[in-house]
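Residue numbers (this note's numbering): 60 to 526. Even glycine gets a Cβ: it sits at the ideal position worked out from N, Cα and C.
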């Protein structure tokens with residue numbers, strides 16, 4: 060915007076300067092020419108009274124010398140009554156031009172070498188017509204014109220430079236508030252909630268800055284209210300958790316009792332983490348950087364060890380594949396554990412007892428696939444199940460479990476898909492991108508990415524039957 064305004068102002072000012080300076084320069088040149096020939100006419104008029112009295116050479120020479128123009132003036136008197144013609148001074152005009160002026164009786168100008176001449180007719184006492192010739196050199200015709208044109212050029216250049224400077228200042232005054240507004244929007248988008256924009260500049264941009272600051276204040280207030288609500292709701296869980304912990308302590312010994320006490324302890328830790336995170340206004344997990352993340356195979360073995368006790372109680376067959384060697388992924392351990400618990404919890408919640416399930420892990424070149432499948436009735440509408448907050452429509456379903464899984468995968472550049480498993484039920488496929496690139500689904504690169512996914516997934520289809 061700034062340079063566009065400068066270019067427009069430069070073009071307009073240049074056109075205005077040219078429109079006024081060129082005609083003015085021509086007028087100045089004509090004025091200088093008129094001034095030079097007016098001086099020549101005055102010199103010729105100074106000799107005319109003497110010619111009307113006498114035509115003697117000696118007297119005329121004195122008159123011409125007294126006029127101070129003897130070098131540039133000539134007098135041509137024709138012969139009459141036996142008197143010889145008199146030509147006084149240097150003749151520059153042609154004889155034809157002099158004869159024409161004598162015949163017509165009107166003053167005339169004619170071009171000669173290095174200038175022009177003024178031919179002025181004067182009537183003599185004898186009735187003849189004498190011609191006074193005054194030489195006007197070219198230097199006198201253009202005297203002062205170059206200086207005047209130089210002044211006009213300097214004034215025009217000064218006007219152009221001044222207009223550009225003014226336009227640049229106006230552009231800066233308009234662009235800087237817009238740039239600050241853009242920077243503030245970027246900072247707010249990056250999570251810097253203290254970003255504000257100075258309310259200055261043109262009226263429109265000032266109103267935009269006021270609206271942006273008001274929006275930022277509302278965002279901060281909404282986030283603060285959300286944190287307080289999360290902390291309050293989490294704090295309300297402490298009372299039932301205390302009851303569960305006391306009851307679990309009285310269960311005695313045994314694998315089931317140990318699993319129950321471990322689950323209650325983990326639930327208490329998660330609640331405490333939520334409360335601290337909400338109060339401190341910090342994210343629960345930091346973004347995964349170089350060297351960050353966890354071993355997906357280890358997390359899968361740990362969570363399957365937790366859910367296996369409940370699976371044995373309900374008579375469910377289960378299987379884990381691909382978790383026998385380390386599989387590094389750029390996901391925090393707690394996030395992956397929460398995602399697996401959400402998927403496995405859905406299996407136990409939405410399928411009948413005795414339904415088999417499996418967890419498969421495959422480590423590819425640029426991605427890791429985690430498959431959670433079951434032999435249940437399946438999901439009739441996968442798209443609705445992936446929508447946040449819809450759930451499956453059954454009691455106790457909020458739809459947030461799959462949303463947790465989706466956000467985990469998309470945070471790495473991957474995605475989540477729901478389909479039919481080889482066990483006959485639902486299959487949730489988590490694609491975790493290892494290089495953090497956005498998944499490409501269009502064009503040639505999208506076809507290559509789909510073929511890669513097909514090769515990765517096909518490796519599961521050869522060994523996924525339950526024992």
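For residue 426, the enclosing beta strand (DSSP E) stretches over residues 426–433. When secondary structure is reduced to three states using DSSP, residue 196 falls in the strand class.
Look at residue 150 here: in three-state DSSP terms it is coil, with no helix or strand label. Ranking 218, 390, 144, 461 by CA distance to the CA of residue 470 puts 390 first.
Contact between residue 152 and residue 171 holds, with the beta-carbon distance rounding to 6 Å and staying under 8 Å.
Distance from the Cα of residue 465 is smallest, within the candidate group 381, 490, 483, for 490. DSSP places residue 227 in the uninterrupted alpha helix (DSSP H) bounded by 204–248. Taken atom to atom, the span from the alpha-carbon of residue 103 to that of residue 156 is near 17 Å. When secondary structure is reduced to three states using DSSP, residue 108 falls in the helix class. Shown here, residue 478 sits in a strand according to DSSP, grouped into three states. Residue 333 carries a helical assignment under DSSP once its states are collapsed to helix, strand and coil. Straight-line measurement puts the Cα of residue 356 at about 22 Å from the Cα of residue 477. For residue 386 and residue 266, the gap between their C-alpha atoms comes out near 53 Å. In this chain, the alpha helix (DSSP H) harbouring residue 373 covers 355–373. Our two residues, residue 105 and residue 86, have alpha carbons roughly 29 Å apart in a direct line.
For residue 441, the uninterrupted alpha helix (DSSP H) run begins and ends at 441–445, by DSSP. Counting of Cβ neighbours within 10 angstroms places residue 445 among the buried residues, the total reaching 16 or more. For the set 181, 332, 254, the Cα lying nearest the Cα of residue 286 is the one of 332. At least 8 Å separates the beta-carbon of residue 324 from that of residue 377.
Separation of residue 158 and residue 139 (C-alpha to C-alpha, rounded to the nearest whole angstrom) is 15 Å.
The secondary-structure analysis by DSSP pairs residue 87 with nothing; it has no beta-bridge partner.
In the DSSP annotation of this structure, the continuous segment of the alpha helix (DSSP H) that includes residue 395 starts and ends at 392–409. DSSP places residue 472 outside any beta strand (DSSP E), giving it a letter other than H or E.
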